[in-house]
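Peer 1: Structure below; questions to follow.
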Amino acid sequence: MNYKKVLDNAPGTYFLIKDKNNKVVYPKDKRKLDYIRKIYINYSKENKFSTFDNRNFSIKKGTIEGFHKNYTVLYIKDITDLVSLKSKYEIDPLTTVLNRKVILDKIDKYISESKLNFSIVMGDIDDFKKINDTYGHVIGDIVLNKIGSILRCELPDSLVGRYGGEEFIILMPNLNNSFERIEKVRELISNIKVNFEDITIDNISISFGIYNITEDIVNEDVKSLRKKYIGNADKALYTSKENNKNKTTVY
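Shown next as structure tokens:
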């Protein structure tokens with residue numbers, strides 16, 4: 289039999305077997321599992337968690353109604369390979385944020401669901417061409433990676449994507465303190481240092497433009513609305529650039 293350990297080193301770990309469907313089964317429970325498979329189970333919403341050794345699992349809780357009492361079923365699935373594949377498809381490898389296609393698709397979905405009170409934010413690294421020309425593309429890549437990581441970590445409830453080159457796009461799902469939060473990120477980025485070999489750069493900055501969507505979404509083409517929203521955020525970004533850069537402007 290092909291035994292496999294799940295959650296290695298965890299207290300009370302049991303040896304399990306893989307059945308013909310590649311499912312993990314505790315040997316004594318195989319007959320019960322065969323019976324359960326024939327019953328319709330109404331599972332709750334799926335939850336995901338990671339283990340100490342960087343494996344990913346999904347878990348769903350279900351209920352089976354019996355004559356005298358109800359039974360709880362937990363369905364646990366190893367989704368490590370699926371998560372890895374999804375990440376390769378969705379994530380821009382250099383900046384560690386969503387790639388252009390994925391972030392635009394998610395904005396379209398958000399608009400199509402007629403959600404209100406959200407912000408589109410455009411961000412552009414100031415004088416990035418000068419950084420590349422002066423220090424080389426290796427340094428430029430480090431700057432992109434560092435800023436992408438800051439945006440992703442400082443705005444955990446938002447969707448951050450790479451729009452192209454040194455430009456980022458952010459979908460903030462509510463308007464609460466959107467300007468203040470972006471300003472905080474801008475100030476944080478303006479204080480970072482990038483060190484590589486004997487080179488230190490401490491004059492990095494980024495400009496932002498914000499467009500807040502508050503009006504009712506009329507019966508208009510989703511992509512047209514997205515183009516309008518991004519265009520308005522881009523105009524605000526242009527204003528920041530015109531005002532000596534390293535600024536945040538609301539449209």
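With positions in the sequence shown counted from 1, the corresponding number in our numbering is that position plus 288.
Note that the Cβ used here is the ideal one computed from N, Cα and C, for glycine as well.
Just tell me which of 334, 434, 345 has its CA closest to the CA of residue 382.
Peer 2: Here the closest residue by C-alpha is 434.
Peer 1: Can you have a look at residue 397 and say buried or exposed, based on whether 16 or more other CB atoms are within 10 angstroms of its CB?
Peer 2: When all chains shown are included, residue 397 counts as exposed.
Peer 1: For residue 527, name the three-state secondary structure that DSSP assigns.
Peer 2: Note: residue 527 maps to helix in three-state DSSP.
Peer 1: Would DSSP call residue 422 helix, strand or coil?
Peer 2: Looking at residue 422 - three-state DSSP - the assignment turns out to be helix.
Peer 1: In its own chain, which residues sit with a C-beta less than 8 Å from the C-beta of residue 443, not counting the 5 before and 5 after it?
Peer 2: Result list for residue 443: 458, 460, 469, 473, in chain order.
Peer 1: Where do the N-terminal and C-terminal ends of the alpha helix (DSSP H) with residue 392 fall, by residue?
Peer 2: Start and end: 388-400.
Peer 1: Using the Cα positions of residue 537 and residue 420, report the straight-line distance between them to the nearest angstrom.
Peer 2: C-alpha separation (whole angstroms): 26 Å.
Peer 1: With DSSP as the reference, label residue 485 as helix, strand or coil.
Peer 2: Residue state, collapsed to three classes: coil.
Peer 1: Can you check which of these residues, 343, 388, 357, is closest to residue 364 by C-alpha distance?
Peer 2: When each option's Cα is compared against that of residue 364, the closest is 343.
Peer 1: Taking the alpha helix (DSSP H) that residue 448 falls in, what are its first and last residues?
Peer 2: Counting along the chain, residue 448 falls outside any alpha helix (DSSP H), though it belongs to the beta strand (DSSP E) covering 447-452.
Peer 1: Please state whether DSSP places residue 502 in a helix, a strand or coil.
Peer 2: If DSSP states are grouped into helix, strand and coil, residue 502 belongs with coil.
Peer 1: Take every Cβ of the segment 519-529, pair it with every Cβ of the segment 479-488, and state whether three or more of those distances are shorter than 8 Å.
Peer 2: Touching, no.
Peer 1: So, using beta-carbon positions, are residue 539 and residue 408 closer together than 7 Å?
Peer 2: In this structure, residue 408 does not lie closer than 7 Å to residue 539 by Cβ.
Peer 1: When the distance is taken between beta carbons, is residue 514 closer than 7 Å to residue 391?
Peer 2: Not in contact: residue 391 and residue 514 (Cβ atoms no closer than 7 Å).
Peer 1: Taking a contact to mean a Cβ-Cβ separation below 7 Å, would you say residue 494 touches residue 427 in this structure?
Peer 2: In this structure, residue 427 does not lie closer than 7 Å to residue 494 by Cβ.
Peer 1: What did DSSP end up calling residue 459 once you bin it into helix, strand or coil?
Peer 2: If DSSP states are grouped into helix, strand and coil, residue 459 belongs with the strands.
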